[in-house]
Amino acid sequence: MVAENHGVQAMQNFIDPVAKIGRNVKFGHGVRVYGNVEIGDGCTIGDLSVIGYPTYRPEASPLVLGANATVRSHAVIYESSTIGPYLETGHHVVIREGAVIGENLRLGNFSDIEGSCEIGDFVRMHSYAHVGKGARIGDFVWLFSLTTLMNDPLPPSHIADPVIIGDMATVCVNAQIMPGAVIGRGAMIASGAVARGSTPACAVISGPDGENVGPTRFVMHMQSRTRHPWYKHFSDAYPERARDRLIALGAAIEAEAAALLNE
Amino acid sequence: MVAENHGVQAMQNFIDPVAKIGRNVKFGHGVRVYGNVEIGDGCTIGDLSVIGYPTYRPEASPLVLGANATVRSHAVIYESSTIGPYLETGHHVVIREGAVIGENLRLGNFSDIEGSCEIGDFVRMHSYAHVGKGARIGDFVWLFSLTTLMNDPLPPSHIADPVIIGDMATVCVNAQIMPGAVIGRGAMIASGAVARGSTPACAVISGPDGENVGPTRFVMHMQSRTRHPWYKHFSDAYPERARDRLIALGAAIEAEAAALLNE
Amino acid sequence: MVAENHGVQAMQNFIDPVAKIGRNVKFGHGVRVYGNVEIGDGCTIGDLSVIGYPTYRPEASPLVLGANATVRSHAVIYESSTIGPYLETGHHVVIREGAVIGENLRLGNFSDIEGSCEIGDFVRMHSYAHVGKGARIGDFVWLFSLTTLMNDPLPPSHIADPVIIGDMATVCVNAQIMPGAVIGRGAMIASGAVARGSTPACAVISGPDGENVGPTRFVMHMQSRTRHPWYKHFSDAYPERARDRLIALGAAIEAEAAALLNE
Chain A
1 MVAENHGVQA MQNFIDPVAK IGRNVKFGHG VRVYGNVEIG DGCTIGDLSV
51 IGYPTYRPEA SPLVLGANAT VRSHAVIYES STIGPYLETG HHVVIREGAV
101 IGENLRLGNF SDIEGSCEIG DFVRMHSYAH VGKGARIGDF VWLFSLTTLM
151 NDPLPPSHIA DPVIIGDMAT VCVNAQIMPG AVIGRGAMIA SGAVARGSTP
201 ACAVISGPDG ENVGPTRFVM HMQSRTRHPW YKHFSDAYPE RARDRLIALG
251 AAIEAEAAAL LNE
Chain B
1001 MVAENHGVQA MQNFIDPVAK IGRNVKFGHG VRVYGNVEIG DGCTIGDLSV
1051 IGYPTYRPEA SPLVLGANAT VRSHAVIYES STIGPYLETG HHVVIREGAV
1101 IGENLRLGNF SDIEGSCEIG DFVRMHSYAH VGKGARIGDF VWLFSLTTLM
1151 NDPLPPSHIA DPVIIGDMAT VCVNAQIMPG AVIGRGAMIA SGAVARGSTP
1201 ACAVISGPDG ENVGPTRFVM HMQSRTRHPW YKHFSDAYPE RARDRLIALG
1251 AAIEAEAAAL LNE
Chain C
2001 MVAENHGVQA MQNFIDPVAK IGRNVKFGHG VRVYGNVEIG DGCTIGDLSV
2051 IGYPTYRPEA SPLVLGANAT VRSHAVIYES STIGPYLETG HHVVIREGAV
2101 IGENLRLGNF SDIEGSCEIG DFVRMHSYAH VGKGARIGDF VWLFSLTTLM
2151 NDPLPPSHIA DPVIIGDMAT VCVNAQIMPG AVIGRGAMIA SGAVARGSTP
2201 ACAVISGPDG ENVGPTRFVM HMQSRTRHPW YKHFSDAYPE RARDRLIALG
2251 AAIEAEAAAL LNE
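Chains as they are written, first to last, in the numbering used here: chain A, 1 to 263; chain B, 1001 to 1263; chain C, 2001 to 2263.
This is the structure in structure tokens:
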């Protein structure tokens, strides 16, 4: 059967010999690696993942996947993106072309990074997080489950108005970030909230009208008396090399927010 | 090992020799094609996809996949559906059995078409769009990310009350269409809105109570002075063969909406 | 090519010979089964699934997958979970480690069970249902599409406050269950609602503020004059062995709710 031969052939060719593969790279079962790819040392590519998915553009730059990535099963990462070291993905993620991603991004299952976006260092996303094309995301940002960063203000149109998410902002479960929104550093978009326009540093945005309900330092978990800003009680969740940087950045953002309130 | 043999055998048989495969069909790596399948000429089946997933019904009709489809990786398409030419899917999509789909459907990553539905020509869906069983979707419809077309009015029950989405309607990010809703042609269900009951042609439906906030022609993007109806500034996003049809349909729908307002 | 050898080797080893595989187990195409796994008799493992995904913890207990499971394609199930008989999954699901799951769980496409949770018997979930770590879910519960069971009350923090969902509760499309919520038996969280705190048995919770709008027995589908509680008209949707149990449990929960109202 000709059709069957097609398949068997493809199976045997699943890692393109022109792909540049670093040292100590581990491949799972059934992985496909296309040719326009540079995989750093120490990466682990999970079962049934596809790395360097082609855009079929003649000028496409390679996927540059930094060292020590852990890519879990059924992931799809396109060519023409640049990803810093220590990427860690859940299962079934998609990262499209043209993304420029910093160090130690962690993606939840089923996250969808639509490409041509910028993502800082130590960003964390949970399941079904959706980053629309062209978004710019700072360092230490959190996008929880079912959050969407939109980009078309008049759907459907050719107008691109992607969002900007400041350093250390947290976007909680099922919050939606409208096209063109600029989320201030350290801001918190509450669960189910809709954020539009500009959000001040360290503001809490709540509800479908995106009301600014006060500064994040008033957000507290009563039983444990734990309160925001979160970097004070959560820096140990990051790799050691990130902690001093997180704490310094957190203090700078608090100073920015305090200055805004005093104006 | 018996277990290991199981696997190796399956690998070698992954394109069933009784499947009808057209000319110039390209298969990625690790694809499985079941037997009850007719794949048109010029299709591309992405890596690790499964085509013709069996329903195990003895009378199951074949999957008829029209010519020139582009199916991206990790897709699942069942037997017993009929899909027009130029299907284009994202990654990790599911299309269940019993769907009757027109020309040039485009599906975002992780879309879920639950089957026994009708989808017109040139429909576009974004990530995590979910089409409940039995939905009827017109031509040139848009379903953006995280939209759900429901069908059970008293969950859980045996009552099926699927939705109808008129031609050229747009359902924006995270909007939910309640069971039995009938969305008028050219209507716009705003981001986060919940639509119930009947929606007039070219109405804008907004908020959790599904308020009709006016006609789509008042929806405008201020900075660019671009306004709805969208077909006037967006027809070039479609294949050339679709454009005259889109423009004529758009004009007819505007006339329908104007007549409704004059009544 | 060394890289190519890596791949081919992995392909041939995709069912680990130390995995314990029951009788009459069927494997699809391209499945990977890791070693720390016990698969019961009569299971069917769909194409391109990964079973027993390792946690890389030295003390990890095996995945125990009960008899007669139907796992559909592209599923991922970790080691260290225990799953009762007659599991039935959609496509692209993820079940993490540490889950203790009863009989005949049915999961929709793209569901995400984050692990260390308890799930009772005969639970049903639809697409994109997301069970946060540590959740406890009773018997005969329904989680419809896009529902999230959260667990961090001060995101991001180390505080874990998972939810509890009582027997026979229904969580409708796009409803969100806030951290620490305790949903009473037989309660109904309406589509789009947000549930916080404690919900009485058989209460209907509606809207973003989680208002208790009355008992479920007042919820009716007018045209068909079908009404809640749903077990009275829907027990035939379950396997025969479950029906008497469902009906007895439903009556007990109604008595509990009536007693609450009379207090």
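The C-beta atom is built at its ideal place from N, Cα and C for all residues, glycine as well.
With DSSP run on the structure shown, which of helix, strand or coil describes Thr55(A)? coil
Over what stretch of residues does the beta strand (DSSP E) that includes Asn2212(C) continue unbroken? 2211-2215
Below 8 angstroms, how does it come out for the segment 1176-1195 of chain B and the segment 119-134 of chain A: are there three or more Cβ pairs, yes or no? no
Verify the CB distance criterion: does Pro314(A) have a CB-CB separation below 9 angstroms to chain C? Since the first and last residues shown for chain A are 1 and 263, residue 314(A) lies out of range.
Identity of the residue in Lys1020(B), Glu1059(B), Ala1175(B) nearest Asp1209(B) by Cα: Ala1175(B)
Taking buried to mean at least 16 other C-beta atoms within 10 Å of its own C-beta, is Pro1239(B) buried or exposed? exposed
Let's test the definition: count the other Cβ atoms within 10 Å of the Cβ of Val2018(C) and tell me whether it reaches 16, buried, or not, exposed. exposed
By Cβ distance below 8 angstroms, which residues in the same chain neighbour Asp1041(B) in space, the five residues on each side in sequence not counted? Gly1022, Arg1023, Asn1024, Val1025, Ala1067, Asn1068
Would you check if the distance between the CB atom of Val76(A) and the CB atom of Ser1073(B) is smaller than 9 angstroms? yes
Which residues in the same chain have their Cβ closer than 6 angstroms to the Cβ of Val1100(B), if we skip the five residues on either side of it in sequence? Thr1082, Glu1118
What are the boundary residues of the alpha helix (DSSP H) that Glu79(A) is part of? Here Glu79(A) belongs to no alpha helix (DSSP H), and DSSP marks it neither H nor E.
Using three-state DSSP, classify Arg1196(B) as helix, strand or coil. coil
Could you name the residues of the same chain whose beta carbon sits closer than 7 angstroms to that of Gly1030(B), not counting the 5 residues immediately before and after it, in chain order? Asp1047, Leu1048
Quick one: is Asp1236(B) near chain C, going by C-beta distance under 9 angstroms? no
I need the DSSP call for Phe234(A), collapsed to helix, strand or coil. helix
Could you confirm whether any beta carbon from chain B is found closer than 9 angstroms to the beta carbon of Met222(A)? no
Answer yes or no: does any C-beta atom of chain A fall closer than 9 angstroms to that of Ile2137(C)? no
Indicate whether at least one CB of chain C lies closer than 9 angstroms to the CB of Val1219(B). no
With three or more beta-carbon pairs closer than 8 angstroms as the criterion, would you say the segment 2149-2158 of chain C touches the segment 2124-2134 of chain C? yes
Shorter than 9 angstroms from the beta carbon of Leu2063(C) to some beta carbon of chain A? no
At what residues does the alpha helix (DSSP H) containing Leu2261(C) begin and finish? 2240-2262
Collapsed DSSP secondary structure at Phe14(A) in the structure displayed: coil
Could you tell me which residues DSSP puts in a beta bridge with His1130(B)? Asp1112(B), Thr1148(B)
Taking the alpha carbon of Val1064(B) as the reference point, which residue from Val1204(B), Ala1251(B), Gly1098(B) has its own alpha carbon closest? Gly1098(B)
Beta carbon of Gly184(A), beta carbon of Ala160(A): below 9 angstroms? no
Can you tell me whether Ile1095(B) is buried or exposed, with buried defined as 16 or more other CB within 10 angstroms of its CB? buried
Is Thr1216(B) near the ligand MG, judged by its Cβ being under 8 angstroms from some heavy atom? Although the ligand MG was asked about, the structure shown includes no ligands whatsoever.
Name the chain A residues whose beta carbon is nearer than 9 angstroms to that of Val1093(B)? The contacting residues do not exist; Val1093(B) stays about 11 angstroms from chain A at best.
So the beta strand (DSSP E) Ser2224(C) belongs to, where does it begin and stop? Taken as a continuous stretch (DSSP letters only), Ser2224(C) belongs to no beta strand (DSSP E), as it is neither H nor E.
Please decide whether Pro153(A) counts as near chain B, where near means a Cβ-Cβ distance under 9 angstroms. yes
Please confirm whether Phe110(A) has its beta-carbon closer than 9 angstroms to some beta-carbon of chain C. yes
What is the DSSP secondary structure of Phe218(A), counted as helix, strand or coil? helix
Strictly below 8 angstroms CB to CB, what residues from chain B border His130(A)? Ser1127, Tyr1128, Ser1145, Leu1146
Here's the rule: buried if 16 or more other CB atoms are within 10 angstroms of the residue's CB, otherwise exposed. What is Phe2014(C)? buried
Using the beta-carbon count (16 or more within 10 Å), is Ala2257(C) buried or exposed? buried
From the beta carbon of Arg72(A), is the nearest beta carbon of chain C less than 9 angstroms away? yes
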